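Okay, structure first, notes after.
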Amino acid sequence: MLANINDVKDITGKIVTNQLITRSQYVIESYIGRLETEITLDKDIELLKRAISYQSAYMLNNEDIVYEQMSVQTTTQGDASTTFKQTDTAAPWIAPMAIMVCNMLSFIKSRSIKTGKIKRIISYPDWNRI
């Protein structure tokens, strides 16, 4: 486990159980797409400890929301119409502070890659064939 009861109390001021911290870690691991064993950088471990702490405090009184509620954009009473949010893949499952912390992880940030030929060849028009 990346966080413990004392970490959650120090970071959020909330008192939680080890079982809730474990469930929170599973939720955060699902959100970031990596397991605890795959995290090697100390900075990422510290950030995940904070994210898990925020998620544990969020789930302390809202655990049913995490597992049962859907992300709904609009609801209509007449003719029972419901529209789900297509772009919101985290709310209401992930604590807002946990999302902010997870966005600072080293492997979440976007990276630039170059594709194409390794050696650029400058080509000039063949004026004899034109």
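So the sequence shown is numbered by the working numbering: it starts at 3 and just counts up by one. Ideal placement from N, C-alpha and C gives every residue a C-beta, glycine not left out. Keep in mind it's a predicted model, so treat the numbers as computed, not measured.
Residue nearest to Tyr33 within the set Tyr126, Pro127 and Phe109 is Phe109 (criterion: CA-CA distance). Distance from the CA of Ala5 to the CA of Arg52, rounded to the nearest whole angstrom, comes to 8 angstroms. Here Leu43 is actually not in contact with Val103; their C-beta atoms are around 14 angstroms apart, not less than 8 angstroms. Between Ile54 and Ile30, the C-beta gap is smaller than 9 angstroms, which places the two residues in contact.
Ile7 sits in a helix when the DSSP states are folded into three classes. Distance from Pro94 to Ile67 at the Cβ level is roughly 5 angstroms; contact confirmed, criterion being Cβ atoms closer than 8 angstroms. DSSP assignment within the region 9-77 yields the following whole alpha helix (DSSP H) runs of 4 residues or more, N-terminal first: 20-34 and 44-70.
Membership of Ile101 in the alpha helix (DSSP H) is indicated by the continuous run Pro98 to Cys104.
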